[in-house]
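For reference, the structure is listed below as C-alpha cells.
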Amino acid sequence: MNQDELHRKLIAAARRNAPSERVPHSFEKRILALIRACPMVDHWALWSQALWRAAASCVSIMLLLSAWWWFSPAGGAPAGTALASASAASNLSQDLENTMLAAAESEQSLDLSR
Amino acid sequence: MERTETDLIAAVLGGDTSSFEPLVAKYSPRLFATARRYARRESEVEDIVQEIWVKAFQKLRSFRREAPFEHWLMRLAVHTCYDFLRAHQRSREAAFSDLFQAEEDWLDRFVSRPSSAAEDAEAARQLVGRLLEQLSPPARLVITLLEIEERSVKEIAGLTGWSVPLVKVRAFRARAEMRRVLAKMTKEKYL
Numbered sequence: 040m041n042q043d044e045l046h047r048k049l050i051a052a053a054r055r056n057a058p059s060e061r062v063p064h065s066f067e068k069r070i071l072a073l074i075r076a077c078p079m080v081d082h083w084a085l086w087s088q089a090l091w092r093a094a095a096s097c098v099s100i101m102l103l104l105s106a107w108w109w110f111s112p113a114g115g116a117p118a119g120t121a122l123a124s125a126s127a128a129s130n131l132s133q134d135l136e137n138t139m140l141a142a143a144e145s146e147q148s149l150d151l152s153r
Numbered sequence: 510m511e512r513t514e515t516d517l518i519a520a521v522l523g524g525d526t527s528s529f530e531p532l533v534a535k536y537s538p539r540l541f542a543t544a545r546r547y548a549r550r551e552s553e554v555e556d557i558v559q560e561i562w563v564k565a566f567q568k569l570r571s572f573r574r575e576a577p578f579e580h581w582l583m584r585l586a587v588h589t590c591y592d593f594l595r596a597h598q599r600s601r602e603a604a605f606s607d608l609f610q611a612e613e614d615w616l617d618r619f620v621s622r623p624s625s626a627a628e629d630a631e632a633a634r635q636l637v638g639r640l641l642e643q644l645s646p647p648a649r650l651v652i653t654l655l656e657i658e659e660r661s662v663k664e665i666a667g668l669t670g671w672s673v674p675l676v677k678v679r680a681f682r683a684r685a686e687m688r689r690v691l692a693k694m695t696k697e698k699y700l
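Chains as they are written, first to last, in our numbering: chain S, 40 to 153; chain L, 510 to 700.
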C-alpha cells in the first residue's frame with residue numbers, strides 16, 4: 040500500500056470537510072449569564088493594591104523604629120548630640136566584642152587554671 | 510449606529526457586560542469550528558468554547574489592540590484547545606480493528622484502486638478523525654494547523670506561542686508520528 044498517497048488523501052479529506060460553524064441556540068445569553076456570575080479579575084489592580092499596602096506598612100515600621108531610636112536614651116535623643124551617639128556606638132561595639140570573644144576568653148581561663 | 514469592536518471592548522472594560530454579547534455572537538461560529546477540530550463530542554465542544562469566552566472576558570484588559578481582536582481571540586482559542594487535548598489524552602493505543610464498516614470499505618477501495626477512494630467521503634473524514642486521535646497533543650495541533658488548515662509556520666508560531674524552530678521540529682516529529690500511526694493501521698488491517 041502506498042502510505043504517502045494514503046496520507047495525502049486523508050489530509051485532503053480533512054481539508055475538504057471543514058467542521059461546522061453551527062452555534063447552539065441562545066449560546067450568547069448563556070455566556071453572558073456565566074460572565075456576570077464570575078466578575079472580571081484585574082491582576083494588575085490586585086498587585087498594585089497589595090504593593091501599596093506593603094509600602095505603607097514598611098513606611099510606618101520605619102517611622103516607628105526611627106522614633107524609638109531617636110527617643111531611646113542610648114540613641115542620644117532628645118539631646119541628639121554627636122557625643123551621645125558616639126558613646127552609644129562605642130558601647131555597642133564593646134558589647135559585640137565581648138560576645139564574640141566570650142568563648143575564647145573562657146577557654147583561656149580554663150587553660151590558666153590547669 | 511453600529512458600534513465598532515474597539516467601542517464594545519472599551520464598554521466592557523468600563524463595566525458594561527452586555528457589550529460583550531455582540532462580540533460573542535460575531536466570533537462564536539469560528540470558535541465552534543475550531544473547537545470541533547479537536548473535540549468530537551458536542552458537549553466537549555461547547556465546554557471548550559465556553560472556556561474560551563470566559564478567559565477572553567477575564568483577560569480582556571491584557572488585549573493590547575496592536576493586533577485585531579480576532580487574532581488575540583484565536584490565540585486564546587488555540588491555547589484552550591491545546592490544554593483540552595493535554596487534559597483529555599485518551600488511551601491513544603486504540604486498535605484499528607474496530608473501524609466502522611464504511612471506513613473499512615473506503616480503505617479497501619483505496620487499496621484496490623487508490624483513485625476510487627473519494628476524498629470527500631464521510632468515511633475518509635471519520636478515518637482522519639480516528640488517526641488524529643492517536644497522535645500526541647503537540648503532533649495533533651501541528652498537523653491540524655499546518656496540514657489541514659494550511660497555515661504557515663510563522664502563523665503557527667504566533668498562535669501557539671512557540672518559536673519558529675520549535676514549530677518546525679514539532680512538525681517534523683508530528684509527520685513521523687502520523688506515518689507510524691498510518692503504518693500501524695495498515696499493518697493491523699492487512700497483515
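The C-beta atom is built at its ideal place from N, Cα and C for all residues, glycine as well.
As the structure is a computational prediction, the values presented were derived from the model and not from experiment.
Take L/Pro-506 and list the residues in its own chain whose beta-carbon comes closer than 8 Å to its own, dropping the five residues that flank it on each side.
Given a span of 510 to 700 for chain L in the structure shown, any question on residue 506 of chain L remains unanswerable.
Closest residue to L/Pro-577 among L/Thr-669, L/Glu-697, L/Ile-518 (Cα-Cα distance):
Looking at L/Thr-669, L/Glu-697, L/Ile-518, the one whose alpha-carbon comes closest to that of L/Pro-577 is L/Ile-518.
Could you work out which residues of chain L lie near S/Gln-42, taking near to mean beta carbons separated by less than 8 Å?
Around S/Gln-42, the beta-carbon contacts reaching into chain L at under 8 Å are Arg-688, Leu-691, Ala-692, Thr-695.
Three-state secondary structure (DSSP) at S/Arg-55?
Correct three-state label for S/Arg-55: helix.
Three-state secondary structure (DSSP) at L/Pro-531?
The answer is helix: DSSP assigns L/Pro-531 an H, G or I state.
Applying a beta-carbon distance threshold of less than 7 Å, which residues of chain S neighbour L/Ile-657?
Counting only Cβ-Cβ distances below 7 Å, L/Ile-657 has contacts in chain S at Ile-50, Ala-53, Arg-54, in chain order.
Any C-beta of chain L sitting closer than 9 Å to the C-beta of S/Trp-86?
Chain L places no beta carbon closer than 9 Å to that of S/Trp-86, leaving this residue out of the contacts.
Quick one: what's got a C-beta closer than 6 Å to L/Arg-660's C-beta in the same chain, skipping five residues either side?
Taking C-beta separations shorter than 6 Å and ignoring five residues to either side along the sequence, the partners of L/Arg-660 in its chain run Leu-654, following chain order.
Since L/Val-563 and S/Leu-73 should fall inside the 8 Å C-beta cutoff, what is the C-beta to C-beta distance between them, to a whole number of angstroms?
With a Cβ gap of about 6 Å, L/Val-563 and S/Leu-73 count as contacting.
Kindly indicate the opening and closing residues of the alpha helix (DSSP H) around S/Trp-91.
S/Trp-91 -> alpha helix (DSSP H) spans 82–110.
How far does the alpha helix (DSSP H) with S/Ile-70 in it reach, from first residue to last?
Per DSSP, S/Ile-70 belongs to the alpha helix (DSSP H) from 66–76.
Can you find a CB in chain L that lies within less than 9 Å of the CB of S/His-64?
S/His-64 does not count as touching chain L.
Can you give the beta carbon distance from L/Met-694 to S/His-46, rounded, assuming they're within the 8 Å contact cut?
Contact doesn't hold; Cβ gap of about 11 Å is too wide.
Span of the alpha helix (DSSP H) around L/Ser-621
Taken as a continuous stretch (DSSP letters only), the alpha helix (DSSP H) holding L/Ser-621 covers 610–621.
In three-state DSSP terms, what is L/Arg-634?
Helix, per DSSP.
Inter-residue Cα distance where the pair is L/Ala-534 and L/Gly-523
Here the C-alpha atom of L/Ala-534 lies approximately 20 Å from the C-alpha atom of L/Gly-523.
For L/Pro-538, decide whether its Cβ has a neighbour in chain S, counting only Cβ atoms nearer than 9 Å.
Answer yes: the Cβ-Cβ gap between L/Pro-538 and chain S drops below 9 Å somewhere.
Would you tell me roughly how many angstroms separate the C-alpha atoms of S/Glu-60 and L/Arg-550, rounded to the nearest one?
Distance between the alpha carbons of S/Glu-60 and L/Arg-550 is about 15 Å.
I need the boundaries of the alpha helix (DSSP H) containing L/Lys-568, first residue and last residue.
From DSSP, L/Lys-568 is part of no alpha helix (DSSP H); its letter is neither H nor E.
Within 10 angstroms of its Cβ, does S/Lys-48 collect 16 or more other Cβ (buried), or is it exposed?
Buried: at least 16 other Cβ atoms inside 10 Å.
Per-residue contacts from S/Leu-45 into chain L (C-beta, under 7 Å)
Simply Phe-619, Leu-691.
Given that S/Leu-135 touches chain L, what residues does it touch there, using C-beta distances under 9 Å?
Annotation: S/Leu-135 has no Cβ neighbours in chain L at a cutoff of 9 Å; minimum Cβ distance is about 52 Å.
Start-end ranges of the alpha helix (DSSP H) lying completely within the stretch 652–700 of chain L, minimum 4 residues
The qualifying runs are 662–669, 673–699.
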